[in-house]
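Numbering (full-length UniProt numbering), first residue to last: 1 to 449.
Everything below concerns the one structure shown next.
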């Protein structure tokens, strides 16, 4: 490989080329995919009443439509993680978006309730791969301000939700729910076309030993950004910084929280512990969603979408100043404090204000978590790790509608709010137990033994 002193790492190459034209286009591509997923995830709240009326569904059957989507996501998140790590980010993204587009379009032609549930489950299986797009984009971003740029993808998610609400307002009264399903699948088709032109992640290629291909892509990125790569050859972090070999926080954040030479049994236990924490705290959307079951549907939609905007701003500001862990911990604990007054009857103004602020804080915490889960894993298992965390988190998404309906139908508002408030509090305490802070730290590429 030549003299290691003349080499540079992938992180150093990305820092040299900076955030420029290429990263801007990559952000748009990944953002459109999240825009599409947001539309698909939010349209059920609009078509649910129409489908219920047309097919005479019970409230439980209507809730099952949402549960089916989360059921598909439970399996899909882990599956697409494996595919992305085994065959590449590019192939993973292409397969994901084909499933989303296909499931979305075919849903519009569902002849009955059972087929619609099945197709929405398939769509959920595809939507669960959204984390692959985020991982792909993350692997092109320099370490400086990585948090802010990664969180910017969520702007597209918010826009997708707002666009879906506007589209439903126009389409539903005149054309009906089938047209809404068909039109909502069009952005995914656009991503299918764009995916033909996107390159593979250089981090993934380098971790797979395909150094020449990784170098070629980095050269193209530098050319588009009108920058030059550092002098020398592309080398690994271990070659460039051998003194960091025994640093578990830099080398093996997934495999050990104490010493690199911890025995395999302890290592496995730590793996499961960290994955469980990430997956458990991945229930933020489900926890927050419950609050909106106790308010009318229209108001829920407004607080949900509007609360996300300041929440994203808060996350963007805090992650680069106080770090990922403190941001998640502080915000969830504050949200818990805001949720508690809802255990008792409040007037409409107070209820709306509390819901808005709680949703804002929870979205900020969840946004930080989605980024942290991708930063903490090495490139070689990044998609699998974040996919497993996402998959576990979807369990909450599956049971939340059923639990919320059951408790509210029994007029157990106090019990319901206390239950979910406790879950929020535990989530906040759990994130403070994470052994690693990723703020300002270079991403690792491989798991060392």
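Every residue gets a Cβ at the ideal spot worked out from N, C-alpha and C, and that includes glycine.
Query	Result
Quickly, what does DSSP pair residue 87 with across the bridge? List them, please.	DSSP, once it has assigned bridges, lists no residue as partnering residue 87.
Can you tell me whether residue 298 is buried or exposed? The criterion is at least 16 other CB atoms within 10 Å of its CB, across all chains shown.	Its pLDDT being 42, under 50, residue 298 is placed unreliably in this model, and the value from its coordinates should be taken loosely. Residue 298 should be labelled exposed.
With contact counted as at least three CB pairs below 8 angstroms, one residue from each stretch, are the region 43-60 and the region 145-163 in contact?	no
Measure the C-alpha to C-alpha separation of residue 24 and residue 31 and round it to an integer number of angstroms.	10 angstroms
Just verifying my parser: in three-state terms, what is the DSSP assignment at residue 229?	coil
Using the three-state DSSP reduction, which class does residue 372 fall into: helix, strand or coil?	helix
Provide the residue(s) that pair with residue 8 in DSSP beta bridges, ordered along the chain.	234
In this structure, how does DSSP classify residue 164 when only helix, strand and coil are distinguished?	helix
Assign residue 451 to one of two classes, buried (16 or more other C-beta atoms within 10 Å of its C-beta) or exposed (fewer than that).	The first residue shown for the chain is 1 and the last is 449, placing residue 451 beyond what the model contains.
Determine, for residue 61, whether the minimum Cβ-Cβ distance to residues of chain B falls below 8 angstroms.	Checking the listed chains, one finds no chain B in this structure; it contains a single protein chain.
Assign residue 202 to one of three DSSP states: helix, strand, or coil.	helix
Tell me, to the nearest whole angstrom, how far the beta carbon of residue 8 is from that of residue 235; I am working on the premise that it is less than 8 angstroms.	7 angstroms
Please work out which residues of its chain come closer than 6 angstroms, Cβ to Cβ, to residue 311, disregarding the five sequence neighbours upstream and downstream, and give them in chain order.	360, 363 and 364
Quick check on this structure: which residue in 443, 433, 437 and 18 has the alpha carbon closest to the alpha carbon of residue 224?	18
I need the straight-line Cα distance from residue 69 to residue 121, nearest angstrom please.	5 angstroms
Between which residues of its own chain and residue 383 is the CB-CB distance below 6 angstroms, once the five residues before and five after are set aside?	81, 84, 85, 132 and 135
Inspect the beta-carbon positions of residue 328 and residue 390 and report whether they are closer than 8 angstroms.	no
Can you tell which of 29, 180, 371 and 142 has the C-alpha that lies nearest to the C-alpha of residue 195?	29
Mapping DSSP to helix, strand and coil, what is residue 17?	helix
Measuring straight from C-alpha to C-alpha, what distance separates residue 144 and residue 321?	12 angstroms
In terms of residues, what are the limits of the alpha helix (DSSP H) holding residue 135?	130-138
For the region 203-216 against the region 38-55, are there 3 or more C-beta pairs whose distance is under 8 angstroms?	no
Within 8 angstroms, do at least three Cβ pairs link the region 165-176 to the region 340-353?	no
Assign residue 144 to one of three DSSP states: helix, strand, or coil.	coil
What is the DSSP secondary structure of residue 438, counted as helix, strand or coil?	coil
Which runs of the alpha helix (DSSP H) spanning at least 4 residues fall entirely within the region 94-130, listed in chain order?	113-127
So, helix, strand or coil for residue 208, using DSSP?	coil
Buried or exposed, going by whether 16 or more other CB atoms sit within 10 Å of the CB of residue 325?	buried
Less than 8 angstroms between the CB atoms is what I'm expecting for residue 336 and residue 421, so what's the real figure, rounded?	5 angstroms
Would you check if there are 3 or more beta carbon pairs closer than 8 angstroms linking the region 109-126 to the region 423-432?	no
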